[in-house]
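Numbering (my numbering), first residue to last: 221 to 872.
The beta carbon of each residue, even a glycine, is placed where N, CA and C say it ideally should be.
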Ligand code: BF8
């Protein structure tokens, strides 16, 4: 019998910095209240934020304050530290070029391309790991995962030209995985899923020279361009950013979504709960945080193992309670109905419930400071990816071939930590909120009776004015959740359907917008449609890689109407974005023809030329552009105006 996996401690155990505790706990009650209200619009988070201030537990908001004032050159994107001749800053009128000769336009464009490539790489590498697992199943090397949605496996295999008739399931899995891995390379020179886009949209990409050729290829090409002495023209540098982002949205992310559905099931509407109140006092609580469903799905399986549930009872708990966080939480919520403790800025607060035995993470959006937060409690932070080792955490290397054994060892470690909990420090003063999630493209089509025609008819008649994809993160520059929730409420009030992913979707969930009863907040047209179908006016479409579902939905609508995506009455918004992944998402929305409003200014203001290209010039290339509007009500005006113009152009 194979030995049970043992964790290694990365670095040393982290102890809380007493200096910080002293500094933070000096706050007077009025200041605590003022900051609590300024920091979040998430009512369920407020008691926890107050607790962190009273106890001197450092959070993202404290670190943000410590970083002020920010460097105005970095904020404008006109600082460059790419090579050893610098660092350089553009400070007119005397310092208008870096040591290499790059001007503000080039420095801003290179920095932005770097961000897009970083985000595209993160999403697409996540996609690759899912596809490699499918290959492992096909090769017979991975036995802990199975194909759950066989129909989808066959549908996608057919889309990729695999002749499935003479093949068994394993062979189909293998053939499809190999064809998908070719999408990352340089030989094939085209991405299969771009074939889903309306022909006129694809033609726009061809004409602009931004059809993505291969996922790794576009990312490497981007990295080549930002090497000193290569790209010197800001416009072509930015156009390559669009191409790189398309390789994410219609490539790596779309594969991550589709093959996750094949392996773990295609989501369909189901009920669950969200906010920090999902942590249960009487149970062993394990939060699953990160992005890739491979780890979290296996923890779900391991925690249901009778040996583990018996162990939980033995240590005095009523059972094992899994709660999601961020995007892996979204994946579990959509497919398994596993409750979600919250979005990006709830991750530290989840630990302050005092009832979390373990926070298990894979990668992306995980604060490196989590072990510091956890050191105030008994919580173990457990890391699992060689790409995301965090000092002060227990590390189990997670491989698809040994996934179940590792997952069981992780669950066991969490259960055995239950007796170390200090019951006096357990603090869960909030009740969770009901949500309905699981609106995959397939589920929507099925709910509409097998085709998107009824939705198109409602849009054409004006009952629903249009649809908006609201996506992205939390950012301390915006009051937590305020941007998402205010924008969503305002748009549904105007009869505009919202489809949401990532931390935006969780924000809406916590605010009650993912319940069918939220239809009462919608305008009369959208309200009637939601009530007749029994659906919420804000539809949860998944994690951030699942923005590919939004692209797919837009493509379905465009194909049904025989128009390019840019002619549809739709828009995108990222009211609280922070991540490089969000830059890539915004770029592929715009490159696909979707007008997109950002709530946080990107680091581009140091180049009026770049600002002008992104907010106006791109319309001449991809028929869409960015806008930046921090006020969510004004953002709603911009979006509604855009939707009405598109409607008028379509003659509806
Ligand atoms: O991928 S929305 S904060 S958790 S980056 Fe991160 Fe942003 Fe949340 Fe998911 Ni997406």
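Discussion item. Could you give the first and the last residue of the continuous alpha helix (DSSP H) run that contains residue 514?
Written reply: Start and end: 513 to 523.
Worksheet item: Would you report the Cα separation of residue 824 and residue 806, rounded to the nearest angstrom?
Response: Going by the C-alpha atoms only, they are around 14 angstroms apart.
Item to complete: Just the C-alpha distance for residue 394 and residue 371, rounded to the nearest angstrom, thanks.
Response: Roughly 16 angstroms between the two C-alpha positions.
Discussion item. DSSP has residue 816 in a bridge; who is on the other side?
Written reply: DSSP, once it has assigned bridges, lists 792, 846 as partnering residue 816.
Practice prompt. In angstroms with no decimal places, state the Cα-to-Cα distance between residue 770 and residue 413.
Written response: The alpha-carbon of residue 770 is positioned some 13 angstroms away from that of residue 413.
Worksheet item: Going by beta carbon distance, what residues of the same chain come within less than 8 angstroms of residue 645, once the five residues before and after it are set aside?
Response: Hits under 8 angstroms: 574, 597.
Worksheet item: Whole-angstrom Cβ separation of residue 712 and residue 742, contact assumed at under 8 angstroms?
Response: Contact between residue 712 and residue 742 holds, since their C-beta atoms are separated by about 4 angstroms, short of 8 angstroms.
Discussion item. I believe residue 627 touches residue 521 by the beta-carbon criterion, under 8 angstroms. Please report the beta-carbon distance rounded to the nearest angstrom.
Written reply: Contact between residue 627 and residue 521 is confirmed by a C-beta separation of about 7 angstroms, below the 8 angstroms threshold.
Discussion item. Here's a check: name, in chain order, each residue in its chain whose Cβ is nearer than 7 angstroms to the Cβ of residue 408, leaving out the five neighbours to either side.
Written reply: Excluding sequence neighbours, residue 408 sits near 402, 434.
Discussion item. Whether or not the region 332 to 341 and the region 458 to 475 are in contact is what I'm after, with contact meaning three or more pairs of Cβ atoms, one per stretch, closer than 8 angstroms; do they touch?
Written reply: Yes, they touch.
Practice prompt. Say yes only if the C-beta of residue 763 is nearer than 7 angstroms to one or more non-hydrogen atoms of the ligand BF8, and no if none qualify.
Written response: Result yes, Cβ under 7 angstroms from the ligand BF8.
Worksheet entry | Selection from 448, 446, 495, 511 that minimises the alpha carbon distance to residue 473 | Among 448, 446, 495, 511, the Cα nearest to that of residue 473 is on 511.
Worksheet item: How big is the Cα-Cα spacing for residue 572 and residue 272?
Response: So the two alpha carbons sit approximately 8 angstroms from each other.
Worksheet item: With DSSP run on the structure shown, which of helix, strand or coil describes residue 654?
Response: In this structure, residue 654 counts as strand in the three-state DSSP scheme.
Worksheet item: Hey, which unbroken runs of the beta strand (DSSP E) at 3 residues or more fall wholly within the region 705 to 736?
Response: The qualifying runs are 716 to 721.
Worksheet item: Which same chain residues, not among the five before or five after residue 591, have their C-beta less than 6 angstroms away from its C-beta?
Response: Excluding sequence neighbours, residue 591 sits near 234, 601, 612, 613.
Fill in: Identity of the residue in 729, 795, 751 nearest residue 492 by Cα
The option with the nearest alpha carbon to residue 492 is 729.
Practice prompt. Sort out for me which residues DSSP pairs residue 280 with in a bridge.
Written response: Within the DSSP secondary-structure output, residue 280 pairs in no beta bridge.
Practice prompt. Leaving aside the five residues before and after residue 377 along the sequence, list all residues of the same chain whose C-beta is less than 6 angstroms from its C-beta, in chain order.
Written response: Excluding sequence neighbours, residue 377 sits near 384, 392, 396.
Item to complete: Would you mind listing the alpha helix (DSSP H) stretches within the region 282 to 322 that are 4+ residues and don't spill past its ends, in chain order?
Response: Given a length threshold of 4 residues, each whole run of the alpha helix (DSSP H) inside the region 282 to 322 is given here in chain order: 292 to 295.
Worksheet item: Out of 350, 288, 581, 717, which has the shortest C-alpha to C-alpha gap to residue 365?
Response: Of the candidates 350, 288, 581, 717, the one whose C-alpha sits nearest the C-alpha of residue 365 is 350.
Item to complete: Could you work out which residue in 567, 816, 804, 869 is closest to residue 335 when comparing CA atoms only?
Response: Ranking 567, 816, 804, 869 by Cα distance to residue 335 puts 804 first.
Practice prompt. Return the residue from the list 389, 655, 748, 745 that minimises the CA-CA distance to residue 204.
Written response: This structure leaves residue 204 out entirely; the chain is present only between 221 and 872.
Practice prompt. For residue 311, count neighbouring Cβ atoms within 10 angstroms of its own Cβ and tell me buried if that reaches 16, exposed if not.
Written response: So residue 311 ends up on the exposed side.
Fill in: Neighbour-count burial assignment, residue 735, 16 or more Cβ in a 10 Å radius
By the 10 Å Cβ count, residue 735 comes out buried.
Discussion item. Using 8 angstroms as the threshold, is the C-beta distance between residue 424 and residue 696 below it?
Written reply: No, the pair does not count as a contact, with Cβ atoms beyond the cut-off.
Worksheet item: Going by other Cβ atoms of all chains shown within 10 Å of its Cβ, with 16 needed for buried, is residue 301 buried or exposed?
Response: By the neighbour-count criterion, in which a residue is buried when 16 or more other Cβ atoms sit within 10 angstroms of its Cβ, residue 301 is exposed.
Worksheet entry | Complete runs of the alpha helix (DSSP H) confined to the region 529 to 608 [at least 4 residues] | With a minimum length of 4 residues, the continuous alpha helix (DSSP H) runs that stay inside the region 529 to 608 are 546 to 556, 567 to 571, 590 to 594.
Discussion item. With three or more C-beta pairs closer than 8 angstroms as the rule, is the region 791 to 801 touching the region 679 to 695?
Written reply: Enough Cβ pairs lie closer than 8 angstroms, so yes.
Worksheet item: Got a sec, what are the start and stop residues for the alpha helix (DSSP H) residue 479 sits in?
Response: First-last of the alpha helix (DSSP H) with residue 479: 473 to 484.
Item to complete: Report yes if the C-beta of residue 566 is less than 7 angstroms from at least one heavy atom of the ligand BF8; otherwise report no.
Response: Not one heavy atom of the ligand BF8 falls within 7 angstroms of the beta-carbon of residue 566.
Item to complete: Please find out if some non-hydrogen atom of the ligand BF8 comes closer than 7 angstroms to the beta-carbon of residue 778.
Response: No; taking the cut-off as 7 angstroms, the Cβ of residue 778 has no heavy atom of the ligand BF8 nearer than that.
Worksheet item: What is the DSSP secondary structure of residue 400, reduced to helix, strand or coil?
Response: Three-state DSSP puts residue 400 in a helix.
Discussion item. Please classify residue 584 as buried or exposed, where buried requires at least 16 other C-beta atoms within 10 Å of its C-beta.
Written reply: Classification for residue 584: buried.
Worksheet item: Can you tell me the Cα-Cα spacing of residue 870 and residue 686, whole angstroms?
Response: Answer to the nearest angstrom: the Cα atoms are 12 angstroms apart.
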